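Asks: Below is a structure I'd like to ask you about.
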Amino acid sequence: MVQKTIKELIDKAVESLSLEKVDFVVEHPESFLHGEYSTNVAMVIAKSTKANPLEVAEKIAVVLQQAQGNLLKQVEKIEVAKPGFINFFLENSFFESELRKILEQGEEYGKSDSLKGQKIIVEYTNQNPFKEFHIGHLMPNSIGEAIARLAAFNGAEVKRAAYQSDIGLHVAKAIAYKIYKQVVWNSAEEVARSYVSGGALYEDDLDFKELVTKTNKLVYEKTDENINSAYEEGRRLTLDKFEEVYKKLGSKFDFYFFESTTGEFGKVIVHKHMDVFEESDGAIVFHGENFDPQLHTRVFMNKAGLPTYEAKDLGLAKLKYDVYPYDASIIVTANEQSEYFKVILRAMHEIFPELSEKTKHVSHGMLRLPTGKMSSRTGDVITAEVLISELKVKALKKIEESDRGIEDKERLSEEIAVGAIKYSILKQSPGKDIIFDLDKSLSFEGDSGPYLQYTFARCISLLEKAKEAGITSQFEAEFPSEVYEVERYIYRFPEIVERAQIEMSPSYLVTYIVELAAMFNKFYAENKIIDIADKKSSKRVAITEAVSQILQNSLILLGISAPRKM
RNA sequence: GCCCCCGUAGCUCAAUGGAUAGAGCAGCGCUCUUCUAAGGCGUUGAUGUAGGUUCGAUUCCUGCCGGGGGCACCA
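Add 39 to a position in the first sequence, counting from 1, and you land on the number used in our numbering.
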């Protein structure tokens, strides 16, 4: 990439001037007026040496200009600006060659091999059987899926894992309630309802509470026929439902881990490492604060001798490694678990140091209702399915209004609904909460998923019309020197993909792609793309094709479908 | 009480210590007899607060105010 070439040249120039070696950036200036790339190197150097930044910039620029002839062929001019920026303007031929590159590489465009040979496992959508699949679960799913796709796009071998809590108090509550009230389960919803009712009863009925505790133990022991069959039934109903929703969302998991197995394993690990853990009040705990004042104590085995989530996570890390010897394990969960994971990773560091190094916790914000945090415990939830279907209705209405002869309206409306949801989650930097208001609902306009989909469909439609008119994107060398603004933006895609991957933040890609779409739409409004009488038309068609390709590649990375017509 | 995270326009979000703090929504005014108007153009509007570091701070540091999360047998 040019960016790297420029950076290397600056390094050399700094060296030849025997200036101080510093950390600097080569970035795209905010405005096209300042060229394609800009560096702050002179200002950084000037800072430590108390020199005049503008003079330093001038000196470096002169050296760069001398080198320009052979190495910086693609740079048209180098300018020094105000406080001490050095700006690089690229040759028109650069944009043209990038355009060709995109058309040649197609869906490969933007791929890199930076993670080649790496085995990466991404764990996300950790939800619990016996509970609802609510809209809060859409966050880890959307983010985790995008992170997985970004890693694969950069050459990694990626496996997706779902870790589901199929054992524990929540399960016992649902089962105990079913038995206690003789409820019949026919659907996942009914199972989840038992869980909510059981949870409420657990709070105010001591007898029931005792029954739950007993049931919990029996679920672990698997000795009671009645409980076993209720367990299997509830588990199957809810897991099948999850699978249905995953399919709508476009996620397919390679591995499923269940707490019923990680628990056993975690238990063994804890008992084997009593030098790391301590017994306290009948439980086995890890005193995080002994290792780092920012950490706290967590219980790994409870008084009853059952492994807690902590021990289970420890077991999971090893279990994952056993089935898939990973170089990196990424775990996506809500940020309410951030502190928790710091402690777990510290404990893991004592036991499996090499695994803790490879594990990275990525946290996302919570999806909140205007009334506050959603709670599956109280049943104050909106399910993912309800949200999708409400948005589908809205999308369907639009499809019918525009009347473009869509064959499968049902499918398209779902693609749009899911696209709108995923976009709204992925557009913001992970870690921040989303306040979700169903009444205001999600936008299909402006900064939205459907806006991207619409722009893509528009490109496809244009390309089809161009083909009919006999205009191809294969333009010839004597092409007009004029560079459209959108061309100055499209070639950045690989850089953006790289950054989004490294920082595990799909939002960078979203920000970029919506900006690109806006630029293209402006380009579309200002120019007639297809014009037989105009020789420049083939270049505009080429730009359209390039944009459609980048939109498509981006949408795939984000896990948003790219319908060709809408 | 201790520990983390966050306060940007009326609303929802951007901005690796840099150039004039960007979008979208909502409001107002334009724009389809011509390639998809889910589009485009114009317009109003913001860094919680007080200091500090810096040539330069939304970004780093400190205090205060406000919000969220975590802190022993839930997941």
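Using N, Cα and C, we set each Cβ at its ideal position, and we do this for glycine too. All of these numbers come straight from a predicted model, not from anything done at the bench.
(1) Measure from the alpha carbon of Leu501 to the alpha carbon of each residue in Tyr547, Ala585, Phe514, then state which is nearest.
(2) Does DSSP put Ser268 in a helix, in a strand, or in coil?
(3) For Ala516, which residues in the same chain have their Cβ closer than 7 Å to its Cβ, ignoring the five residues on either side in sequence?
(4) Pick from Ile49, Leu72, Ser77: whose alpha carbon is nearest that of Gln105?
(5) Is Lys466 helix, strand or coil when you go by DSSP?
(6) Would you mind reading off the limits of the beta strand (DSSP E) that contains Ser77?
(7) Can you give the beta carbon distance from Gly213 to Glu171, rounded, assuming they're within the 8 Å contact cut?
(8) Could you pull out every unbroken beta strand (DSSP E) segment of at least 3 residues lying fully inside the region 118-172, listed in chain order?
(9) Would you grab the beta carbon distance between Ile160 and Ala200 for me? Rounded to a whole angstrom, and I think it's under 8 Å.
(10) Give the secondary structure of Tyr551 by DSSP, where H, G and I count as helix, E and B as strand, and everything else as coil.
(11) Which residues mark the beginning and the end of the beta strand (DSSP E) in which Ala367 is found?
(12) Answer yes or no: do Phe475 and Ile174 have a C-beta to C-beta separation smaller than 8 Å?
(13) Just confirm the distance between the C-beta atoms of Leu189 and Leu596, as a whole number of angstroms; I'd bet it's less than 8 Å.
(14) With a Cβ-Cβ cutoff of 8 Å, do Asp205 and Arg274 count as a contact?
(15) Should Ser587 be counted as a contact of the ligand NAP given a C-beta to heavy atom distance under 7 Å?
(16) Looking at the unbroken beta strand (DSSP E) that takes in His400, where does it start and where does it end?
(17) Give me the residue from Glu521, Phe297, Tyr547 with the minimum Cα distance to Tyr259.
(18) Among Gly598, Lys604, Arg603, whose alpha-carbon lies nearest the alpha-carbon of Ile182?
(19) Around the C-beta of Lys89, are 16 or more other C-beta atoms found within 10 angstroms, so that it is buried, or is it exposed?
(20) Taking all protein chains shown into account, do 16 or more other C-beta atoms lie within 10 angstroms of the C-beta of Val53, making it buried, or fewer, making it exposed?
(21) Could you have a look at Ala516 and say whether DSSP puts it in helix, strand or coil?
(22) Taking 8 Å as the limit between beta carbons, can you name the residues of its chain near Leu208, skipping five residues before and five after?
(23) In the structure shown, what three-state DSSP assignment does Arg450 receive?
(24) Pick from Val61, Pro68, Glu484, His403: whose alpha carbon is nearest that of Met82?
(25) Looking at Asn193: is its Cβ nearer than 8 Å to the Cβ of Ser233?
(26) Please work out which residues of its chain come closer than 7 Å, Cβ to Cβ, to Tyr493, disregarding the five sequence neighbours upstream and downstream, and give them in chain order.
(27) Quick one: give me the first and last residue of the alpha helix (DSSP H) that Ser500 is part of.
(28) Using a Cβ distance threshold of 8 Å, determine whether the region 448-468 contacts the region 422-439, with at least three qualifying pairs required.
(29) To test your reading of the DSSP string, which unbroken beta strand (DSSP E) runs of 3 or more residues are found completely within the region 291-337?
(30) Check whether the region 564-579 and the region 455-475 are in contact - that is, three or more C-beta pairs closer than 8 Å.
(31) Excluding five sequence neighbours on each side, which residues of the same chain lie with their C-beta closer than 7 Å to the C-beta of Leu548?
(32) What does DSSP give as the partner residues of Pro346 in its beta bridges?
(33) Give the single residue among Gly237, Glu242, Glu47, Lys461 whose Cα lies nearest to the Cα of Leu426.
(34) Between the Cα of Phe128 and the Cα atoms of Asp486, Tyr270, Val41, Ile438, which residue gives the shortest distance?
(35) I need the DSSP call for Glu94, collapsed to helix, strand or coil.
Replies: According to the structure shown:
(1) Of the candidates Tyr547, Ala585, Phe514, the one whose C-alpha sits nearest the C-alpha of Leu501 is Ala585.
(2) The answer is helix: DSSP assigns Ser268 an H, G or I state.
(3) Caution applies to Ala516, whose pLDDT of 48 falls short of 50 and renders its modelled position unreliable; the value that the coordinates give is listed next. Closer than 7 Å at Cβ, skipping near neighbours: no residue.
(4) Gln105 has its Cα closest to that of Ile49, out of Ile49, Leu72, Ser77.
(5) Looking at Lys466 - three-state DSSP - the assignment turns out to be coil, as it is neither helix nor strand.
(6) It spans 76-78 - the beta strand (DSSP E) in which Ser77 sits, taken as one unbroken run.
(7) With the sequence shown as reference, residue 213 is identified as Ala, and Gly is not the correct amino acid for it. Approximately 11 Å separates the beta-carbon atoms of Ala213 and Glu171; this is outside 8 Å, ruling out the contact.
(8) Considered as a whole, the region 118-172 harbours 124-129, 158-162 as its complete beta strand (DSSP E) runs of no fewer than 3 residues, in chain order.
(9) Rounded, the Cβ-Cβ distance is 6 Å, consistent with contact.
(10) Here Tyr551 sits in helix by DSSP.
(11) Residues 367-373.
(12) Contact flag set, yes.
(13) In this structure Leu189 touches Leu596 by the C-beta definition: roughly 6 Å separates them, less than 8 Å.
(14) In contact: Asp205 and Arg274 (Cβ atoms closer than 8 Å).
(15) This structure simply doesn't include the ligand NAP, nor any ligand for that matter.
(16) That run of the beta strand (DSSP E) goes 398-403.
(17) It is Phe297.
(18) If you compare the alpha carbons of Gly598, Lys604, Arg603 with that of Ile182, the shortest gap goes to Gly598.
(19) It counts as exposed.
(20) Val53 is buried by the Cβ-count criterion.
(21) Residue confidence for Ala516 is low, a pLDDT of 48 falling below 50, so the modelled location carries little weight and cannot support an answer.
(22) Contacts found: Val251, Asn255.
(23) In the structure shown, Arg450 falls within a helical segment according to DSSP collapsed to helix, strand and coil.
(24) Closest by alpha carbon: Val61.
(25) No, these two residues do not count as a Cβ contact at 8 Å.
(26) Answer for Tyr493: Met605, listed in chain order.
(27) That run of the alpha helix (DSSP H) goes 488-508.
(28) Contact between the region 448-468 and the region 422-439 is present, because at least three Cβ pairs lie under 8 Å.
(29) Whole beta strand (DSSP E) segments, 3+ residues: 294-297, 317-319, 322-326.
(30) Contact fails: fewer than three Cβ-Cβ distances are below 8 Å.
(31) So the list reads Ile535, Val536, Ala539, Ser593, Leu596, Leu597, once near-sequence residues are dropped.
(32) Residue pairing by DSSP places Pro346 opposite Met340 in a beta bridge.
(33) With distances taken between Cα atoms, Leu426 lies closest to Lys461.
(34) Closest option to Phe128, judged by alpha-carbon separation, among Asp486, Tyr270, Val41, Ile438: Val41.
(35) Correct three-state label for Glu94: helix.
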